[in-house]
Structure formats: structure tokens, C-alpha cells
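Input: a single structure, listed below in C-alpha cells.
There are 2 protein chains.
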Amino acid sequence: MKKIYKAHILYTKEKSRFEVLENGYVAVDAAGRVAGVSVHLAALDSKDAEVIDLGDRLLIPAMNDLHVHAPQYRNQGIAMDLELLPWLQNYTFPEEMKYADTGYAERMYRRFVHDLWRFGTMRSCVFATIHTESTRLLMRLFQEAGMGALVGKVGMNRDCPEGLMESVEKMVQGYETLIAEFNKPDALVRPIITPRFIPSCTPEMLRACGELAAKYQLPVQSHLSENKDEVELVKTLEPESTCYGDAYDRYGLFGQTPTVMAHCVYTEGEELELIKRRGVMVAHCPASNLNVSTAIAPIRQFFEEGLRVGLGSDVSGGHNLNIFRVMVYAIQASKLHYQRNHDRHFLTLSEAFWMATKSAGSFFGKVGSFEPGYEFDALVIDDSDLNHDHYSLLERLERYIYLGDDRQIEKRFCRGKELGEPK
Amino acid sequence: MKKIYKAHILYTKEKSRFEVLENGYVAVDAAGRVAGVSVHLAALDSKDAEVIDLGDRLLIPAMNDLHVHAPQYRNQGIAMDLELLPWLQNYTFPEEMKYADTGYAERMYRRFVHDLWRFGTMRSCVFATIHTESTRLLMRLFQEAGMGALVGKVGMNRDCPEGLMESVEKMVQGYETLIAEFNKPDALVRPIITPRFIPSCTPEMLRACGELAAKYQLPVQSHLSENKDEVELVKTLEPESTCYGDAYDRYGLFGQTPTVMAHCVYTEGEELELIKRRGVMVAHCPASNLNVSTAIAPIRQFFEEGLRVGLGSDVSGGHNLNIFRVMVYAIQASKLHYQRNHDRHFLTLSEAFWMATKSAGSFFGKVGSFEPGYEFDALVIDDSDLNHDHYSLLERLERYIYLGDDRQIEKRFCRGKELGEPK
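Protein chains in written order, with numbering that gives the first Met the number 0: chain C, 0 to 422; chain W, 0 to 422.
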């Protein structure tokens, strides 16, 4: 049945500004798609529709997280005093090994999915581990919760601890199993091909990943140009590539199917052109840039070049699953980045919001906006505890983004369905 | 009566490391001072003492905020897309003018004091406005709440909107009134002399401020070297000064009595030497540096030079009153600052914690540590919802700092007294 929600509606059709509908209406059809949005009920087809009045609340698109490591959930907010390499070796890799145990995986993954729900993230691109069974379990937890996710069993067979390497054959076999179960048209939860990054994968592994992506028309995710040593290492490992991105491209892992690459801190010149040409999505992870990377990705420049950019939490390189916090970090990091070279303006609130909603959402289909035809992924924000003076609707949203947390999120919708708290 | 609290005790005697007492005890005497701290109850004088077992909770020193603008509370988390000047002119100054109305002031200041309490900040250095009555009201609210505060009626008589300027005579008169009421030995709430900053004050205003500080032996607070234009402007306004700090110094406002200066982003050379010589405290406001300043204060360098540095929220240049968040920003900002010039290591968790507790606390007396003789300002943290795996006590504290919020603060103590929620 069609539903019409009445509330203060805010979203970003374009990145340069918010659409603000005071006491507006959004109609959602039986398939969970937006049928119309207006300040006038009469402008919408309200025949047979249930009208739900949400009062003085804000209604906004739900959050999308383009880059998050589910098995690093336990390590969220610890070991942040370490540099990248000791952090990986002493915390990240040992933790990921534990996911050979599905009991451990279930305990942690339940909390992880619950926390995504809590912070209003309805769709995510998730790195799991090499372990097929734990990955399957994570995907089922997303299904149970009703949340959208592209989940990657991770391919790694080079220069990693023994317990985190898998042969190319086993990787392919594991993926085939997951694909058989989860690769359904229109499914909210689907597999995504996930080579960890070039340094962890032999050419054979990368080739097999590319072949899987092509064979099943699956999306691809990985890491790109996060720090200088890594960029240099890739030059040595893949000497024929003209840049790091080109190394993925040669194996069919760079836009041949929808592709998202995390970080792109040192992306420039030829790599930037290749990303643009291939329509690769950049997952900008500003909290992680501050915590463990060595610099800030030049997002304003990416915008000028017309690149697609969304936001990622990168837990646990980023310490916070809350994408609203990541928006704030995106703005702050850009202020610091661009004040050094005064040639560009920092990112604005609407740009950060757009990256988290409509831009990131485009990786999951028509997601992240309230324009007709978009899947209704939405959050109802009761900010009455933050709204203690005569704030405008935009100021209320800005305050929620800067100061709010999960307490103000009253309802969460994914593809039109209201989602209760996951068990 | 003496009380002994049993809990997991963490604090920073030195900035380089945490003291960690698993199931430790801290004894607090009838005057609210720490009488002893140990993992052995027998090591403490427990005669006639009530022992309070706090179970698996963390017991840490309370937070101190060295720089916060109470009348900018309404503007917290809005207008962050503006540059410093339009932000001041369109948001900050118009808001501060409203505090001529004590009714408005009471409504806002009550929320402000409540939020400081909520986030566990037991002592703060506060800028109020030029308005004597509103400032008195704020001081009384702090008294009612039982929290410590140095509160400054702000001196400004140059280059500001009409409604925010006051003559030197009225400024002195207003201060004398507040001093008569609040300047008691050992009082938790006291006045602090507060010229807004050099560009807002004529030489006469600065001189009068210095004379008040000397006459009543009152501490001083102001802003120093936050951005380049400001530093240049001060050179024009005070041409005889050798640096911005020296301009304050000439009026007796730079360490002649205890002095705290916010920001110091561009402090170097002679100014740095003068700060050191005068024992001036630096209030580092990293969230504000990211939001509205144009760079990051070089805190590692200040440490190497032996400067005193504490943390400030700088609401509403900083958007967050929560000093735990400010700690995280201090670490992140230093990572970004020092990765550019690889000559220094970023700030560590213990250094950030020390800045917020023992170092900032020293501006209020013996505050911010659990060493014997320190006033018992403390927070009891129930992190059971964050502690879902086998974390060490230090990891638990780090997770609380990075991920926790007011929900985990179970009890708050200031000078030995547990403080209930302010009305």
C-alpha cells in the first residue's frame, strides 16, 4: 500500500544545495520507491494512501557507507597511537584471523550490523575476511536486519600472515558458493569482489578476481593510493602499470563492472583520468585519513574533475561508524587541506551530505535521494533536545550533523520498509 | 568524612604515560582532597573511612575546559560553512548582544552549564559577554551546580558592533561588582579578567584590564595568534610591541597573574619565549583550529619547549563541548600537522589526556590528577556497553575517549563532592 509521510523534508538533489520542504510530503509506493515529493498533499496521488504525520521531525535520506571493515569492529577506537604498519600487523591482521571461528564471527558481526542500524546506515560496502562461512553469516545478518550491503569475502595470498592467506582456487570456490546463495537480481545483500589491495594479491589472484567480476557481473571494491610507501610498492610489484589504478585496470578490476576504491589520497594525473574514464567511485574516508593515512584526499579537485565521490567510515582505520561524524570530518579535513594551498574552497555541508546520500547511494542503485523513482531509504530525526531556540530547518539539520547521535534517530527505513532494532 | 573509592583507576601523573590501577583505591578526605591512591587498601589510612566499591567501572580525573564562550552556546554546530569574519559578524556578535536580556541569558546559560556537567567538565575558563548582570547570573549557575569556573565579563570597546562595546569606566565598575561578590579565597567560581583580544580593545581598555588583574590578583584570559590576518592587524595596532604576546605583556596581561591564552596557532620565536618565561598557559583548541582557524597549533613543539598546554573546546568555534572529543581532535590534528613536516611525532593518547586533566587542571589549583593533595575532581565511567570483548583497561579508556559519550558517565565529582544533574 502506498504511504505518504509528512515531515520537514531535507535532501540533496544536487551537491551545491539542500532541498528543504517545510511540512512537506513524500509518497512511497508499495515497492518502496518514492512516488512523489511536495509541500502540497494535493500535488501527490494520495488515493488509497495512508498519510503518516511525523510532526515537527526531520525526514532525510539514510546514510550509506562506501568503505567499512566488518571484522575490525572489535578494534574500533583502539591502537590509534600506532602508525599504519604496526597497526596492521599487531591489531588488524590478528583480529581478522579470529574470523575462522564462526562463533566469534557471529558474536562480533551481530554487534557490527546492530551499530550500522543504530547510526542510520542503511547500505554499506563491506570488507569481511577470507573466511567464506563467516562471510556468509555476515550476509545473512544483513538480510535478517533488512539492510542493504555489498559484502566482500577478501582475496589475499601474498605478503600477509599465514592464517590470512588463501589459494586462488579456494578463493574462487568460496566466492562461487556465496554467489550461488546471494547473487539474486534486486537483492539488498549481494557479493562484491574484494581483492584486499595490490600488495596482498599475486597477479593470479587479481586475474581470478577480475574474471569472477566479469563472469557474474559483480561489483568490485578495493584500496587505492592511501599512502606514499604503498604507491611506491605497487610500482615495484606491477612494473608494467602506468599507475596504481592501472594495475587494477589490467585485471578487469577498475570500472569494467561498478567499482569503488577507498582513499585515493595520492591520486592525480593519469590515475585521476582513469578513474574518471572508468566511472570508478571514490570512497573518501576522512576520519581514517586523519587517524592512519598520511594526508587528505583532494576531494574539491575530484569534484572539479567530475569524479564520483561518496563517504566511508573505514572502521577501524576510522574510529567511528556514524556517517554524520564522517561528514563533519570531511568538511574539517578539507578546510585544513585547502587552507594550505589557498586555491580552492573547502567542502560545504550540502556537499558532505550529498556525498553520504545521493552520491554514495548511486553505488547501490537509485538510493540516497527523495526524487521520484528513488528507493525510500530514510531517517526520521527527532531533534527536539537539540532544537531549543528558533533554528531554521537547515540549522536544525546542521546541528544534528555536528552534535547529534543515534539518540535522535527515531525511525529508519530501507527500501520503504521501517526497520526495527536487529537482534 | 573520609571516603575511599574502589574502581579501575587511570590518570596521568606525567604526560608520557598513564598510571593504571586495576581494582585500585583512592582515598578522599573531608576537604575533598586525595589523601592517597593505591592498589592495596592496607596502604591507605582507612580508619573511619567509608569504602565505596564502584565495581568494574573506570575512575578518571574529570575534564577541564580552558577556553569556552558561554554565550555562543546557541550557535554550537551551526554556520560552520562560513569563514571566520562573516561567522563573527553574522552569528557570533549578534548572538552575544542578546545577553543584554537576563531572561534570555538565564535560559541559555542554564543549558550551557547543564551540558558542561553532562560531558564531565568540572572546571572551565569561560568567556561571558560585556553584560555584568548576565555574567553574574552565569556565575551563580555555576555555584548552584557545584562546578568550578573562572568566568570573564568581556572587555571590548573597539571595532565591534555598537551593542557590544562598553566604556572603560563601565567595564571597571562592572568588574568591581562581580569581584565584590565572587572573589573569595578558595571559591570554586571566580572572576577572570577577559579583554576579548587586542583588536577589540583600546590601549586604555587593556591598561584598565591589567590594573584590575594586578589590584585583585585575578587571572587573565584572552586570544592569541589564531590567524595570520589577526597577527598582522595587531602589528599595526600595537606597533611598539615586538610580537602579539608582547602587546598583552605591556599592559600586565601576560603572566603577571596566572594567564591563559587561547589558540597560539602562529606562535613562534620571541612570542614562544615570552610565553615560556611568563609561564602563560596555552589553551589548545584543535576542533576550532579545524573549523574556523586556518592552521593547527604546533603542540609537540610547545611540549619540547616546556610550555604549559591544556585543551579548550572553544565553543562555538569548536562545535563540541565534550572534551573527550577535543582530545581525539588534538591527536588527529597533530597527525596531520606533523606528517607534513616529518620532524616530529604526533600527540599520543596519554598526552592528550594529560592536557585535558593535569595540565589544564593546574590552572585551577591542584586539579586533574589523583596524586595526594589534589582536589578530587573525578568521573566514574560505566563502559559496559563498549566493553564487549577482552579489552585491557587502557584499551577500555581509549575506546571510551574515541567512541563514548555522556551516556557512560555515571558519576561526576568536583572537589570531592558528587554533583547531581543541574536544574
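Where is the CB? At the ideal position from N, CA and C, for every residue including glycine.
Rounded to a whole number of angstroms, what is the C-alpha to C-alpha distance between residue i and residue j?
i: THR266(W); j: ARG195(W); result: 18 Å
i: LEU136(W); j: ASP100(W); result: 11 Å
i: ARG32(C); j: ARG277(C); result: 29 Å
i: VAL188(C); j: GLN255(C); result: 21 Å
i: GLU385(C); j: GLN331(C); result: The sequence given here places Leu at residue 385(C); Glu does not occur at that position. Going from the Cα of LEU385(C) to the Cα of GLN331(C) covers about 22 Å.
i: GLY316(W); j: SER287(W); result: 5 Å
i: LEU163(W); j: ALA377(C); result: 44 Å
i: THR293(W); j: TYR250(W); result: 28 Å
i: ALA34(C); j: GLY372(C); result: 6 Å
i: LYS432(C); j: PHE302(C); result: The question about residue 432(C) has no answer, for chain C in this structure spans 0 to 422.
i: TYR328(C); j: PRO285(C); result: 6 Å
i: ALA296(W); j: GLU237(W); result: 23 Å
i: ASP245(W); j: PHE253(W); result: 8 Å
i: ALA179(C); j: ARG122(C); result: 21 Å
i: HIS318(W); j: ARG117(W); result: 16 Å
i: MET146(W); j: TYR247(C); result: 58 Å
i: SER391(C); j: LEU43(W); result: 57 Å
i: ARG411(W); j: GLU397(W); result: 19 Å
i: ALA213(C); j: LEU149(C); result: 16 Å
i: PHE363(C); j: LYS183(C); result: 14 Å
i: ARG343(W); j: TYR337(W); result: 6 Å
i: GLU203(W); j: TRP353(C); result: 50 Å
i: LYS227(W); j: VAL291(W); result: 13 Å
i: GLU161(W); j: MET155(W); result: 10 Å
i: VAL233(C); j: GLY403(C); result: 41 Å
i: TYR90(C); j: HIS68(C); result: 13 Å
i: THR241(W); j: ALA207(W); result: 21 Å
i: ARG109(W); j: LEU115(W); result: 10 Å
i: PRO257(W); j: ARG307(W); result: 12 Å
i: LEU205(C); j: LEU211(C); result: 10 Å
i: ALA359(W); j: HIS66(W); result: 10 Å
i: GLY268(W); j: GLY367(W); result: 30 Å
i: GLU239(W); j: GLU95(W); result: 32 Å
Would residue i pass as a contact of residue j if the rule is Cβ separation under 8 Å?
i: GLY23(C); j: SER45(C); result: no
i: TYR98(C); j: PRO60(C); result: no
i: CYS124(C); j: GLN220(C); result: yes
i: ASP52(W); j: LYS5(W); result: yes
i: ARG73(W); j: ASP388(C); result: yes
i: GLY305(W); j: LYS275(W); result: yes
i: ASP64(C); j: SER361(C); result: no
i: LEU320(W); j: ALA144(W); result: no
i: MET62(W); j: ALA261(W); result: no
i: GLU224(C); j: ARG157(C); result: It is Ser, not Glu, that sits at residue 224(C) in the sequence shown. Not in contact: SER224(C) and ARG157(C) (Cβ atoms no closer than 8 Å).
i: THR131(C); j: LEU177(C); result: yes
i: VAL25(W); j: PHE369(W); result: yes
With a cut-off of 8 Å on the beta carbons, I'd call residue i and residue j a contact; round off their distance for me.
i: PHE323(C); j: ILE197(C); result: Going by Cβ atoms, the distance from PHE323(C) to ILE197(C) rounds to 32 Å, so no, they are not a contact pair.
i: PHE375(C); j: VAL27(C); result: 4 Å
i: PRO190(C); j: GLY151(C); result: 7 Å
i: PHE345(C); j: LYS334(C); result: 4 Å
i: VAL259(W); j: TYR243(W); result: That belief does not hold up - the Cβ atoms of VAL259(W) and TYR243(W) are roughly 15 Å apart, past 8 Å.
i: LEU9(W); j: LEU57(W); result: 6 Å
i: VAL314(W); j: GLN88(W); result: Their Cβ separation, rounded to whole angstroms, is 18 Å, which puts VAL314(W) and GLN88(W) out of contact at 8 Å.
i: GLU165(W); j: ILE129(W); result: 5 Å
i: VAL153(W); j: THR201(W); result: The Cβ separation is near 14 Å, so there is no contact.
i: LYS14(C); j: GLU350(C); result: 5 Å
i: ASP381(C); j: GLU409(C); result: 4 Å
Can at least three beta-carbon pairs, one atom from the region 171–183 of chain W and one from the region 275–293 of chain W, be found at a separation below 8 Å? no
Between the region 64–97 of chain W and chain C, which residues of the former have CB atoms less than 7 Å from a CB of the latter, in chain order? ARG73, GLN75, GLY76, ILE77, MET79, ASP80
Check distances from the C-beta atoms of the region 398–415 of chain C to those of chain W and list, in chain order, the residues that come in under 7 Å. ARG398, TYR401, LEU402, ASP404
Quick one, which residues of the region 293–325 of chain W are near chain C if we go by CB-CB under 8 Å, in chain order? THR293, ALA294, ILE295, HIS318, ASN319
Taking contact to mean at least 3 C-beta pairs separated by less than 8 Å, is the region 127–142 of chain C in contact with the region 100–119 of chain C? yes
Listed from N- to C-terminal order along the chain, which residues in the region 332–350 of chain W have their beta-carbon within a distance smaller than 7 Å of any beta-carbon of chain C? LYS334, LEU335, GLN338, THR347, LEU348
Contacting positions in the region 99–128 of chain C - beta carbon closer than 7 Å to chain W: ARG110
Taking a cut of 8 Å between CB atoms, which residues from the region 371–384 of chain W lie near chain C? none
Which residues of the region 22–38 of chain C have a Cβ closer than 8 Å to any Cβ of chain W? Give them in chain order. none
Give the residues from the region 41–52 of chain C that approach chain W closer than 8 Å (Cβ to any Cβ), ordered along the chain. none
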